[in-house]
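Since the structure comes first, as structure tokens, the remarks are kept for the end.
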Amino acid sequence: MKHVKTLVAGVALLAGMSTAAQAASTLESVKAAGKLKCGVNSGLAGFAAPNDQGVWAGLDVDLCKAIAAAVLGDANKVEYKPSNAEQRFPLLQSGEVDVLARNTTWSLSRDTQLGFDFRAVNYYDGQGFMVRKDLGITSAKELKGATVCVQEGTTTEKNLGDFDKANNLGTQPVKFKESEQARAAYDEGRCDSYTTDASGLAAERTGLKAPGEHVILPEIISKEPLGPAVRAGDSQWLDIITWVHYAMLVAEEKGITSANVDEVKAKNAEGAEGADAEVQRLLGITDKMGESLGLSRDWAYNVVKQVGNYGESFERNIGKDTPLALERGLNALWTQGGLQYAPPVR
Amino acid sequence: MAEISAGRSRGRRTSIAWWRDERTRGIIWQIVVVAVLCLGVWFIIANMVDNLRRLGIPLGFDFLNAPAGFAISFSIIPTDLNSSIGRVILAGMINTLLASAICIALATILGVIVGICRLSKNYLISRLATAYVETLRNIPLLVQLLFWYVAILQLFPNVRQAINVFDLMFMSNRGVNIPRPIPEEDFGIVLVALAVGIALAIGIASWAHRRQMATGQQFPKGRVGLGLIVGLPLIASLALGNPVSWQVPELTGFNFQGGLVLQPELTALVLGMTAYTASFIAEIVRGGILAVSHGQTEAAYALGLKPGTTLRLVIIPQSLRIIVPPMTSQYLNIVKNTTLAGAIAYPDLFSIVGTSLNQTGRPVENIAIMMVFFLVISILISLFMNWYNRRIALVER
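These protein sequence lines are chains A and B, in that order.
When we follow numbering that gives the first Met the number 0, the leftmost residue of the first sequence carries the number 0, and every step to the right adds one.
When we follow numbering that gives the first Met the number 0, the leftmost residue of the second sequence carries the number 0, and every step to the right adds one.
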């Protein structure tokens, strides 16, 4: 009978395990692992792509680095997990990544049905169309019956459907799993037009055989607020991700850069004359804002020191002097007429 | 077995403890294995449901009725932006089946030809077949698909410079556009003529077989049958004044409108998969033929059969028994390999499920639909091939 008892005990143990599968908080698991698992694009110039030296670089990559700097104190403790549009959501849902910074559009259905939380927007974008100059088209509404190359598993696909329906265009979409293949097929003339987010079009155009022969049409057919996503139900982690982005915005607003952050910190030392109270709070000189987030006191200092402020990151990756040559536009600070607005550090 | 039954009978006689009985222990172990397996599966499912509930993701298939809101580039059944997700997924299933069926048919034909060529006494032919097999089966399928796709896109001109064949057919890197037949009123009669032609051809073949069995006289049943199948509908069509009108494709706006179009995505998929799988089938066929003892060929020649007839009546029927089982695996591979089609934008089931998964945020249900579909299709192919294998198996008398 001893055998039977052992068997019953084993069964009970197995049954118990299924209910005990409760996850620790994301912050704790990141600290325990000593690295941040960050989901990024598998290759989108300016946002997330390996550079000539094989090192990941881009606006989204900078956000990953900033989060690692804030949480772990070291911007290099990031494990990048590249994914295509279709793989990215299961990656986050299953816990394979801690945060998804993969030019992902914040939408109602993703916020609710997918079980994600969004709050910060690190790039305000909109969907556009690219065509060959020699087609002589000036508006996306002239694309009646045109063939359009598009990447599968994106909001782009559905926006195209909505735009098509609203303007009765009857376009024929040709859908590729990877953006590289979609771009190559467009380049070979399989499609009349290529559609994705306007920033993506600028990035993809640099990879065409003759970038000068292509033009991006003026219509922006959708709102695409791109931002980091986390799993729903962990508000502490969402706060951290959001405030890392805001810290980069506040730093830009206050003129703090990776080059002068030490200088600024010294100038705003406790009790210093003419010190800026918000800068003091941000850099952890006076209040303990970091502790209330579950981070160290110098979290924002680490972010600015190791990665830089938002403007620095923008200009370095996608700004005027890069091949993408994107204007700040909607992504200028609110003080410059843009939408990038951080709540007060108080 | 002898030892076990001896042990069992001894066990009964001396009535040893039940846990020492081989048979009882066997049963207990099987129960344990099944129980652990069930618990494992239950654990995984419970864990998943638990996690999904915590993330606030509901489970269910009601999303299939929601409008899809995205179009697909190729579909046999009509779909548009207002079609439900279920219907678009169905279109994807049909696309997968279509591509699989074409590839299975073409790969079998090409594979048999190459396999026989490899055994040819002609040095050039056998070496060419060897080179074909060794090259194509050693390059990953995805690479081959991308190669064919890029080749088609680069070799054919842009849609505005399409190759014009007599103003009827247009070839460009958007596909091959051909006229679409539109049946008119009397077209049914032509179809009836075709049916009659096929029926007559079958009848003649069966009569010729019986006559040959009885008298040894042969009849050119193949040529006559083909003549009937092609000739009867042709005569009917001419007599009725050609009851089919043709809709010729025309370049309007960005693309050719009207007519039928063979898209480069399907073409590249069929070319790549056929060429790849045929290299494996060729080896299976070669192996099957070599396995038939050479004495069979010599005996057939001694009876005065020609080489072609020997191959058809003596060698192939015997080698089929060896060829069919591994062939089943190749057919299953073709069906499963269609999931690579998304890389070259052919809207197969996998690619459409990918879109649906992203638009609806229901990975579990979408993947489940796909798994069940592939399981059912694979099992059906397997069952059919096993039935065929039993039919042609050696009947011992």
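Yeah, the Cβ is synthetic: ideal placement off N, Cα and C, and Gly gets one too.
Bounding residues of the beta strand (DSSP E) (the contiguous stretch that carries residue 246/B):
Per DSSP, the continuous beta strand (DSSP E) segment holding residue 246/B begins and ends at 243–246.
Based on Cα-Cα distance, which residue from 211/A, 267/A and 200/A lies nearest to residue 286/A?
For the residues 211/A, 267/A and 200/A, the minimum Cα distance to residue 286/A belongs to 267/A.
Based on the DSSP secondary-structure assignment, which residues constitute the bridge partners of residue 339/A?
Partner(s): 332/A.
For residue 30/B, does the count of other Cβ atoms within 10 angstroms reach 16, so buried, or fall short, so exposed?
With fewer than 16 other Cβ atoms within 10 Å, it is exposed.
Using a beta-carbon distance cut-off of less than 9 Å, what residues from the region 129–149 of chain B approach chain A?
Hits within the stretch, in order: 145, 148 and 149.
Using a Cβ cut-off of 9 Å, which residues of the region 261–293 of chain B contact any Cβ in chain A, in chain order?
Flagged, chain order: 262, 263 and 264.
Of all Cβ atoms in chain B, is any one closer than 8 Å to the Cβ of residue 81/A?
By this cut-off, residue 81/A is not an interface position.
Would you list, in chain order, the members of the region 249–277 of chain A that have their beta-carbon closer than 8 Å to a beta-carbon of chain B?
Taking 8 Å as the Cβ-Cβ cut-off against chain B, none of the residues of the region 249–277 of chain A qualify.
Can you say whether residue 261/A is buried or exposed, counting buried as having 16 or more other CB atoms within 10 angstroms of its CB?
Exposed is the call here.
How many angstroms separate the CA atom of residue 165/A from the CA atom of residue 158/A?
In this model, residue 165/A and residue 158/A are separated by some 10 Å (Cα to Cα).
I'd like to know whether the C-beta atoms of residue 256/B and residue 249/B end up nearer to each other than 8 Å.
In this structure, the beta-carbon distance from residue 256/B to residue 249/B falls below 8 Å.
Beta strand (DSSP E) containing residue 250/B: first to last residue?
Start and end: 249–251.
When the Cα of residue 56/B is compared with those of 92/A, 330/A and 199/A, which residue comes out closest?
Per the C-alpha coordinates, the member of 92/A, 330/A and 199/A positioned closest to residue 56/B is 92/A.
Near residue 262/B, what residues of its chain come up, given a Cβ to Cβ distance below 6 Å and the 5 sequence neighbours on each side ignored?
Cβ neighbours of residue 262/B beyond the five flanking positions: 73 and 174.
Can you check which of these residues, 77/A, 98/A and 318/A, is closest to residue 231/A by C-alpha distance?
Nearest option by C-alpha distance: 98/A.
Compute the Euclidean distance between the alpha carbons of residue 142/B and residue 343/A, then round it to the nearest angstrom.
A direct Cα-Cα distance of roughly 53 Å separates residue 142/B from residue 343/A.
To test your reading of the DSSP string, which unbroken alpha helix (DSSP H) runs of 4 or more residues are found completely within the region 297–341 of chain B?
Within the region 297–341 of chain B, the runs of alpha helix (DSSP H) at least 4 residues long that lie entirely inside it are, in chain order, 306–309 and 315–336.
So, are the CB atoms of residue 189/B and residue 236/B less than 8 Å apart?
Yes; because the gap between Cβ atoms is below 8 Å, this pair is in contact.
Would the beta-carbon of residue 215/A fall within 8 Å of that of residue 127/A?
For residue 215/A and residue 127/A, yes; Cβs fall inside 8 Å.
Which residues of chain A have a Cβ atom closer than 7 Å to the Cβ of residue 385/B, listed in chain order?
Result: empty, since nearest Cβ-Cβ is about 34 Å, beyond 7 Å.
Figure out for me which residue from 356/B, 382/B and 148/B has the closest Cα to the Cα of residue 327/B.
Comparing Cα-Cα distances from residue 327/B to each of 356/B, 382/B and 148/B, the minimum goes to 382/B.
Using a C-beta cutoff of 8 Å, does residue 56/B count as contacting chain A?
Using a Cβ-Cβ cut-off of 8 Å, residue 56/B counts as an interface residue toward chain A, since at least one Cβ of chain A sits closer than that to its own.
Opening and closing residue of the alpha helix (DSSP H) in which residue 350/B lies:
Run containing residue 350/B: 348–359, per the alpha helix (DSSP H) assignment.
Measure the CB-CB distance between residue 106/B and residue 276/B and report whether it falls below 8 Å.
Yes, these two residues count as a Cβ contact at 8 Å.
According to DSSP, is residue 350/A part of a helix, a strand, or is it coil?
Residue 350/A is absent from the structure shown; chain A starts at 0 and stops at 345.
Mind checking whether residue 101/A and residue 59/A have CB atoms under 8 Å apart?
The answer is yes: Cβ separation under 8 Å.
Where does residue 346/B land, buried or exposed, given buried means 16+ other C-beta within 10 angstroms?
Residue 346/B should be labelled buried.
Going by DSSP, what residues sit across from residue 57/B in a beta bridge?
Under DSSP, no beta-bridge partner is assigned to residue 57/B.
Measuring alpha carbon to alpha carbon, tell me which of 81/B, 76/B, 75/B and 50/B ends up nearest residue 65/B.
Out of 81/B, 76/B, 75/B and 50/B, the CA that lies nearest to the CA of residue 65/B is found in 81/B.
Determine, using beta carbons only, whether residue 67/A and residue 73/A come nearer to each other than 8 Å.
Remark: C-beta atoms of residue 67/A and residue 73/A approach each other more closely than 8 Å.
Just verifying my parser: in three-state terms, what is the DSSP assignment at residue 210/A?
Here residue 210/A sits in helix by DSSP.
Which partner residues does residue 204/A have in the DSSP bridge list?
Looking at the DSSP output, residue 204/A sits in no beta bridge, so it has no partner there.
Comparing alpha-carbon positions, which option in 102/B, 341/B and 79/B lies nearest residue 149/A?
Among 102/B, 341/B and 79/B, the Cα nearest to that of residue 149/A belongs to 341/B.
So residue 350/B contacts chain A; which residues on that side make the cut at Cβ distance below 8 Å?
What residue 350/B touches in chain A: 151, 174 and 176.
Residue 212/B burial status per 10 Å Cβ neighbour count (16 or more: buried)
A residue is called buried once 16 or more other Cβ atoms fall within 10 Å of its Cβ, and residue 212/B, having fewer, is exposed.
For chain B, is any of its Cβ atoms less than 8 Å away from the one on residue 184/A?
Under the Cβ criterion of 8 Å, residue 184/A is counted among the residues facing chain B.
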